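What follows is one structure encoded as structure tokens, with my remarks underneath.
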Amino acid sequence: MASWGWERFMTERDKEHDEARGKKEPFGFGTKPALLLIDFYYGVLGLTRQPLMEQIKTHPGGMGLEGWAAVDQTKILLAAARRNGIPVIHVTKLDLDNTVGWAQRIGRKNRPGTQEGGMPEELKARSAEIVAEVAPLPHELVIRKAAPSAFNGTILPYMLQSWGIDTLIACGESTSGCVRSTVVDGTTHSFKMGVVEECTFDRTEMSHWVNLFDLHAKYADVVKLSGAVDYFEKIGSMNNAALKL
Numbered sequence: 012m013a014s015w016g017w018e019r020f021m022t023e024r025d026k027e028h029d030e031a032r033g034k035k036e037p038f039g040f041g042t043k044p045a046l047l048l049i050d051f052y053y054g055v056l057g058l059t060r061q062p063l064m065e066q067i068k069t070h071p072g073g074m075g076l077e078g079w080a081a082v083d084q085t086k087i088l089l090a091a092a093r094r095n096g097i098p099v100i101h102v103t104k105l106d107l108d109n110t111v112g113w114a115q116r117i118g119r120k121n122r123p124g125t126q127e128g129g130m131p132e133e134l135k136a137r138s139a140e141i142v143a144e145v146a147p148l149p150h151e152l153v154i155r156k157a158a159p160s161a162f163n164g165t166i167l168p169y170m171l172q173s174w175g176i177d178t179l180i181a182c183g184e185s186t187s188g189c190v191r192s193t194v195v196d197g198t199t200h201s202f203k204m205g206v207v208e209e210c211t212f213d214r215t216e217m218s219h220w221v222n223l224f225d226l227h228a229k230y231a232d233v234v235k236l237s238g239a240v241d242y243f244e245k246i247g248s249m250n251n252a253a254l255k256l
């Protein structure tokens, strides 16, 4: 049985309740998945790899080394999706055409050398750019959103429907924010949802694990990277077998 990081945040009553009434079996995935990469952009990861408490001295919205560790794991997941013909969808923020994103409501007093909201000036031009390690290929869909959920006000539901997608495997940041809201909305739209543990991240460790637990209990199957890769390989083998018939 898999061991999960959220277990150390559970009280004894939580553990007892989960044993008695918690999720016993996975919700399950379908046969037409897509991979959804949520907000792997320089505006949260920074241009260099730094520990969180060091990074926030100049980049208050940074995610620290945990974010970059998730990027490295996501490279493996992304390669498996591409290798097996799984559609890949990249999500980033919409900060063009004078659009006001939801995060701009969270005001912070500017620090010297920063832009509005604490964004360092040298990051401003590349804030919404997806990091090179998981950058989209020319044929892959890129969704730009002005709200936490990738479903809110975007073409994502239409594209998934047109492709016949029944399952979304999600990863990215933040677990408690854009990942959570997208996964909940995906469930609301009747998609089977998966979240890859090693490929999601948050600024707050407790928030990360508590939200993974909550998503797993109610809305999605949280899976290990190895399990997600195996799933993509299985789908790839099924599709190849079908082509030979």
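Just so we're aligned: 150 in the working numbering is position 139 of the sequence shown, and the numbers increase by one with no gaps anywhere.
Even glycine gets a Cβ: it sits at the ideal position worked out from N, Cα and C.
Quick caveat: nothing in here was measured; it's all calculated off a predicted structure.
For a cut-off of 8 Å, the C-beta gap from threonine 186 to phenylalanine 40 is around 20 Å, too long to register as a contact. Pairing valine 195 with glycine 188, the inter-Cα distance amounts to about 11 Å.
Residue pairing by DSSP places leucine 152 opposite Ile100 in a beta bridge.
Distance from the CA atom of leucine 223 to the CA atom of aspartate 25, rounded to whole angstroms, is 15 Å. The secondary-structure analysis by DSSP pairs alanine 139 with nothing; it has no beta-bridge partner. DSSP, reduced to helix, strand and coil, places lysine 229 within a helical segment of the structure shown.
Your pair alanine 239 and leucine 48 does not check out as a contact, with CB atoms roughly 12 Å apart and the cut at 8 Å.
Looking at the DSSP output, cysteine 182 bridges to Leu48.
Annotation for lysine 203: the continuous beta strand (DSSP E) segment containing it runs 203-212.
The residues Arg191, Val194, Val206, Val233, in chain order, have a CB closer than 7 Å to that of leucine 226 in the same chain once the five nearest residues on each side in sequence are set aside.
A residue is called buried when at least 16 other Cβ atoms come within 10 angstroms of its Cβ; proline 159 meets this threshold and is buried.
A contact is defined here as three or more CB-CB pairs under 8 Å, and the stretch 162-177 fails this definition with respect to the stretch 73-85. For histidine 200, same chain residues with a beta-carbon under 7 Å away, outside a window of 5 residues either side, are Phe162, Pro168 in chain order. Rounded to whole angstroms, alanine 228 and leucine 236 show a C-alpha spacing of 19 Å.
When C-beta atoms of the stretch 142-160 are compared with those of the stretch 64-71, fewer than three pairs fall below 8 Å, so the two segments do not count as touching. Contact between the stretch 140-148 and the stretch 97-106 is present: 3 or more CB-CB pairs across the two stretches fall below 8 Å. 8 Å or more divides the Cβ of phenylalanine 202 from the Cβ of alanine 91.
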